[in-house]
Amino acid sequence: MGRMSIPDYMIEFHRNAARQAPGSDDSTRRALSLVPGVDMVRRVLDLGCGTGAQSLVLAQETGATITAVDILPEFLEELEARARAAGVADRIATLEASMIDLDLPPEHYDLLWSEGSAYTVGFEAGLRYWKRFLAPGGALVVSELCWLTDDRPPEIEEYWAEGYPGIGTVEEKLAEAARAGYTCIEHFVLPPEAWTDGYYTPIRERSEAFSEAHGRDPEIDAFLDSGLDEAAMYDRFGEYYSYVFFVLRAG
Ligand SMILES: C[S@@+](CC[C@H](N)C(=O)[O-])C[C@H]1O[C@@H](n2cnc3c(N)ncnc32)[C@H](O)[C@@H]1O
1 MGRMSIPDYM IEFHRNAARQ APGSDDSTRR ALSLVPGVDM VRRVLDLGCG
51 TGAQSLVLAQ ETGATITAVD ILPEFLEELE ARARAAGVAD RIATLEASMI
101 DLDLPPEHYD LLWSEGSAYT VGFEAGLRYW KRFLAPGGAL VVSELCWLTD
151 DRPPEIEEYW AEGYPGIGTV EEKLAEAARA GYTCIEHFVL PPEAWTDGYY
201 TPIRERSEAF SEAHGRDPEI DAFLDSGLDE AAMYDRFGEY YSYVFFVLRA
251 G
C-alpha cells in the first residue's frame, strides 16, 4: 500500500490500537522459542512493524538490537514512544521504508520477522526479497493468512478471494516458501483468542466512540463497518482460516 493512498482517519484508528493485525505477545514468544539458536540472536529486522507490538517483545525477550521497518511514519513515531515507555528505546531503531526496497547490509540479520505484514507485498515475493538480509544460519519468522481446511463455505471463500486473493492453504504456503529458497523448521496456527482478544474485541470496543468523535462521517463509518464485518466473518467462519506462523531457514 502506498503512503499517499491511506486516509488520515485510518492511520489514526490503527495507530491507537495495541496492534494492527491479529496476534498476541504469547504467540510472538512461542514463535521466537522455535527459532534455532535464539539465545545467539543479536540483530533482528522487523518488517512491517506497525506500532511495534512484536518489536517490543522481541527486544525484551532477546536483548538484541531491532531494526523496525514500516512505511508509515505515524506508526513508527508511536513505536518509538512505546519503546521509551518500555525502557527498550536504546535497542530499537526505526526505519521508514518499503520492506521490499531496503538499503540495508546483506547477510547481516540473525532473525527476520514479519508478523501480519507479508501479505502487503505478497508472501512469496517478500520471502524471496528478504533472504539477502539473512546472516548465515539465520531464520525468518513470518505469519500469513491461510486456509485451514480443503473445503470452505462459498461465502467465506468469496470474502477472502476479494479481501486477500493471495490466501492459500498451509501446503500452498509451504510450497511458496520452498520456491523462495527456504526450509520450514516449524509452523503453528495463531489461536482464536489472538484474533478476538488481540484484535477484533478492541476494534469493536473502539469503533462507536471513533465514529462519534468524527461526527458520523459516512466515509469513516464505512471504514469502521468493514472492520466490524471482518470481525463478524471471523465469528462465523474462523474455523476455516487463520494466520499461520512459519519459522523458516534459508536453503
Ligand atoms: C496489518 S499491519 C501489521 C503490523 C504489525 N506487524 C502488527 O502485527 O501489529 C501491516 C503493516 O505493514 C505496513 N506496510 C504495508 N506495506 C508496507 C511496505 N511496502 N513496506 C513497509 N511497511 C508496509 C503497514 O503500514 C502496517 O504497519
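Using our numbering, read the sequence shown as starting at 1 and increasing by one per residue.
Don't be surprised by glycine CBs; every beta carbon is placed ideally from N, CA and C.
In this text, all values refer to a predicted model and were calculated from it rather than measured experimentally.
*asked:* Taking 8 Å as the cut-off, does the stretch 31-48 touch the stretch 243-250 (at least 3 CB pairs, one atom from each stretch)?
replied: yes
*Where do the N-terminal and C-terminal ends of the alpha helix (DSSP H) with I220 fall, by residue?*
Here the alpha helix (DSSP H) through I220 covers P218 to F237.
*asked:* If contacts are defined as beta-carbon pairs under 8 Å, then Y200 and Y159 qualify, I think. What distance do you get, rounded to the angstrom?
replied: Not a contact, Cβ separation roughly 15 Å.
*asked:* Taking only three categories from DSSP, how would you classify L145?
replied: strand
_For R128, the nearest candidate out of G137, P136 and A118 (CA to CA)_ = A118
*Indicate, with yes or no, if ligand 1 has a heavy atom lying under 7 Å from the CB of Q20.*
yes
_DSSP bridge partner residues for H187 (one or two, in chain order)_ = F246
_Could you check whether the stretch 148-166 touches the stretch 194-214, counting it as contact only if at least three pairs of C-beta atoms, one from each stretch, sit closer than 8 Å?_
no
*Return the chain-ordered list of same chain residues with a C-beta closer than 6 Å to the C-beta of A97, the five sequence neighbours on each side being excluded.*
V69
*beta-carbon S27 near ligand 1 non-hydrogen atom, thresh 7 Å*: Every heavy atom of ligand 1 is 7 Å or more from the Cβ of S27, so no.
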